[in-house]
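Colleague:
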Amino acid sequence: MDKPCSRADCYHHEGETCADGHAVVSKCAHYNQVAVEPEASPHRDDDAARVPWSGSTLGLSDLMTLTSRTRKILIGVLGSHDAGKTTLLLGNYLLCLRGKQLAGASFAGSWTLGAWESLAAWTRFNDASPQPGFPPHTPRSTERNPGLLHLALRRPDNSLRDVLLTDAPGEWFSKWAINQNAQDAEGARWTVEQSDAFIILADCQRLSGDLRGEARRELRQLIERLAPFVENRPVTSVWAKADITSLDKLKPGIRNTIQQTLTKLIPHAVEVTTSVQDPSNFSDALATVLDASWQPRRAKPIFEPILSHQPYAAYRGSHDET
Amino acid sequence: MTRPEIVLLGGPNSGKTHYAGQLYGRLQHSSGALTLRNSHGAPDDLSVLHEVLSCLESGNAAQHTSTGAWDDVHLPLIDSKDREFDLNWPDYGGEQLKQVFTTRSVNQNWQKKLINANGWVLLIRLNSEATYPDALENLVNDKVETDTVRNRASSWDANAYWVEKLQILLHVAKIGWKNQIQSPPLTILLSCYDEIGDEQTPPVEILSQKLPLVASFIRSNWKDDEVSVWGLSALGQELSAESKSEDFIDEGPESQGWVLPPEGGKKNNDLTLPLMWLFERMSQ
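Line by line, the protein sequences are chains A and B. Numbering of the first sequence is given in our numbering, commencing with residue 712 and proceeding in unit increments. Numbering of the second sequence is given in our numbering, commencing with residue 9 and proceeding in unit increments.
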C-alpha cells in the first residue's frame, strides 16, 4: 500500500516511518483520510518497522523529527559557484571515514549517509587507472530548501551534537548578495536566518585568475550582505584552493580589500586556509566553527547601572499594589 | 525470572553457519565455559546444527544455508554458576540482514526479537568488506575534473553500509543513542580471523584499521564496558565442500577453531567465551 498520506510532511509512501509515529500505518487517522485505492506492492511489508530518514539530504520537515534529540548546530556554508563548498564538506566526511576526529569529537552517526556516499563516489574508482574528479557542481533546483548534510558527533565528555551542514548551490548566495529579496534566493535567506555558524569560502584560484576583479566584487558583496545578519554567531572565512594559488601569491590589493572588509564588518571572523594537498586542514575550518558553537553561549549578565552613589537611591521600593 | 536472550546478526558469508556448528559441538562435549542445559530434555529441533557438524566431521565445509532452515533454532545454555541463558539463532539468513539495508525496514517478527534481546552479537568478516581507503588521496592528488562517469564505484563503502545498518537496527529496536548505550551489550566477532594474519594486535584495533567509521560509531555510542571485539576463526583453516581436511577427520572439529580475546595475545580454543562475556554483562 503505497498511497501518499493526507499529511503533507509524511513520507510513508516513500518507505519511511509514519509521521504520526504509528507502527501500523492503517491505524493512522491521517493515512485513512486518503481515499486512493491501495495498490498491491510485492516488495513492501506493510507492517514492517521503518526508519524516519532516507539517507539523502535532509529537508525542512525532516529536521523536526530528527533533530529534537539534542542540540543541533546548523552551519551555513556560503560561497559563490565552484568556490569549493562541496569539496570542503566531502573532505570532512572522508576524514571521518578514516576514523579521524572533527573538532575533538568522534563520529557518532549520520542520517544522510546516502548523500555523503554519493558525493564520495566521485573520488572512488573500481578500475586500475583512477581518474577521480572533484565533486560535481550542485545544480540549482526548483526546491527552495537547501539540502542539509548531517553528522552526529560526540565529544569525550559524552556530549552529542547533531551537526547540519548546508549543501546549497552557490548561485543562491550570489543572487542574494546582489538582491536581498531576490525570488530565487529564498534558500540563502533561510540559511542565513537559521544557521548557528557560518563558513564563507573565498576561491583563491578565481581571485588570482583573469576574473579576479569580478571574484573580489562577488566576495565582498557577500560579506557585506551577510555582515548585518551575523550578530555574534561564529564566522570562519576559508581561503579555499590554496593549493592552486597560495595566499601569498594573491595580489596584495585583492587580498587586503577582502581582509579589510572582513575585519571591518565581521571583526570576530576567523581566517583559515585550506588546500587539498593537506587533507587535515579541511577539518580545521569546521573545527573553528564547531568549537565556537559546541556549547550554547551564555546570556549576558544584567548589570544594574549605578545612577547615584546614595545608598538610598538603590532602594527600589515595593511595587505591590496591595 | 525470564531468561536473558541474545540475538546474532551476521551478513551472508560471515561464517555464521560454521560458528553455529562448532559452537554446538563444543556445547555438546562440555569443553567450554558454557554447556547445554538438559533440564528440559533435549533442545528443540537441532537437525540443522547436526547437519553442519556432520559436514565438519568429514573435514568439509557446510553448505550455504537456506533462509528458512534456521527457524527457531535456539540453544538452552547454562554456565558453571548454574545461570541459564537462551541463545536465539536468527531465523534470518544473511540475505535478510542485507535486506534490512536495501528495504530500510525490519519485519515485525524480527523487530520483536531485537526489542526483547538482552544482548547482540554482530559478525563481521573484515576481508570481504569493500572499502575505498584511497578516496581521500584521490581527492587530494588529482585536480582534474573528469567528464567520464565510467568505472565510478557505485556501491557504498562498507563503513557507511554497516553504520547505516546499525542505525536502522537500533532505531527499530527503539534504542536511542543520545546518551551512550548501556543495554544491549554488544559483542563483535570478526569472523574468519585467520584471513587477517595478525594475531598480536588486539581485535578492536584491527577493526579500527579496517573499518574506522564503524569503530568510531561503536566507540562513541556504546559505553566502553558494554562492547567487546573478538577475533573468531570458527574452523581455524579454510575448508571447501570437498576438502576432506584430515585435521578435522582425525582430531574432530571440536579441536579446531579459536577465538582471539579482546586484549589480543593468546588464541583460545573455547568458542563459547564471547557469549560468556555477553552473559556476564547481561547479568550485571
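Just so it is clear, CB atoms sit at the ideal spot from N, CA and C, and this is done for glycine as well.
#1: Let me check understanding here. Comparing Cα to Cα, which of A:786, A:966, A:733 and A:935 lies closest to residue 760 of chain A?
#2: Compute the distance between the beta-carbons of residue 878 of chain A and residue 800 of chain A, then report whether it is under 8 Å.
#3: Closer than 7 Å, Cβ to any Cβ of chain B: which residues of the stretch 984-999 of chain A, in chain order?
#4: To test your reading of the DSSP string, which unbroken alpha helix (DSSP H) runs of 4 or more residues are found completely within the stretch 896-980 of chain A?
#5: Using the Cα positions of residue 272 of chain B and residue 986 of chain A, report the straight-line distance between them to the nearest angstrom.
#6: I want to verify the contact list: residues of chain B whose CB lies under 8 Å from the CB of residue 967 of chain A, in sequence order.
#7: Would residue 19 of chain B pass as an interface residue toward chain A - the criterion being a Cβ-Cβ separation below 8 Å?
#8: For chain B, is any of its Cβ atoms less than 8 Å away from the one on residue 818 of chain A?
#9: Report the rounded CA-to-CA distance for residue 266 of chain B versus residue 278 of chain B, giving the unit in angstroms.
#10: What residues of chain A sit near residue 84 of chain B, judged by a beta carbon separation below 9 Å?
#11: From the DSSP output, in three-state form, read off residue 12 of chain B for me.
#12: Using 8 Å as the limit for Cβ to Cβ distance, is residue 261 of chain B near chain A?
#13: Quick check on this structure: which residue in A:832, A:795, A:763 and A:794 has the alpha carbon closest to the alpha carbon of residue 821 of chain A?
#14: By the 10 Å Cβ neighbour count, where 16 or more other Cβ atoms means buried, how is residue 288 of chain B classified, buried or exposed?
#15: So which of B:244, B:280 and B:269 has the shortest CA-CA distance to residue 64 of chain B?
#16: Whose CA, out of A:925, A:918, A:907 and A:950, lies closest to the CA of residue 940 of chain A?
#17: Would you verify that the beta carbon of residue 234 of chain B is, or is not, closer than 8 Å to some beta carbon of chain A?
#18: Using DSSP with H/G/I as helix, E/B as strand and the rest coil, what is residue 766 of chain A?
#19: Give a yes or no on whether 8 Å exceeds the smallest Cβ distance from residue 869 of chain A to chain B.
#20: Measure the C-alpha to C-alpha separation of residue 881 of chain A and residue 897 of chain A and round it to an integer number of angstroms.
#21: To the nearest whole angstrom, what separates the beta carbons of residue 93 of chain B and residue 34 of chain B, a pair I think is in contact under 8 Å?
#22: Along chain B, in chain order, which residues have C-beta atoms closer than 8 Å to that of residue 781 of chain A?
#23: Within the stretch 18-63 of chain B, note down every full beta strand (DSSP E) run reaching 3 residues or more, in order along the chain.
#24: So that I know if they touch, is there some Cβ in chain A lying closer than 8 Å to that of residue 172 of chain B?
#25: Helix, strand or coil: which one does DSSP assign to residue 1018 of chain A?
#26: Could you confirm whether any beta carbon from chain A is found closer than 8 Å to the beta carbon of residue 193 of chain B?
Modeller: In brief:
#1: A:733
#2: yes
#3: Flagged, chain order: 987, 988 and 990.
#4: 897-905, 915-919, 923-941 and 963-976
#5: 39 Å
#6: Going along chain B, no residue has its Cβ under 8 Å from residue 967 of chain A, so there is no contact; the nearest lies around 27 Å.
#7: no
#8: yes
#9: Their Cα atoms are separated by approximately 7 Å.
#10: Chain A residues near residue 84 of chain B: none, gap ~28 Å exceeds 9 Å.
#11: coil
#12: no
#13: A:763
#14: exposed
#15: B:244
#16: A:907
#17: So, not an interface residue.
#18: coil
#19: yes
#20: 13 Å
#21: So it is not a contact: roughly 15 Å between Cβ atoms.
#22: Simply 186.
#23: For the stretch 18-63 of chain B, whole beta strand (DSSP E) runs of length 3 or above, ordered along the chain, are 42-44.
#24: yes
#25: coil
#26: no
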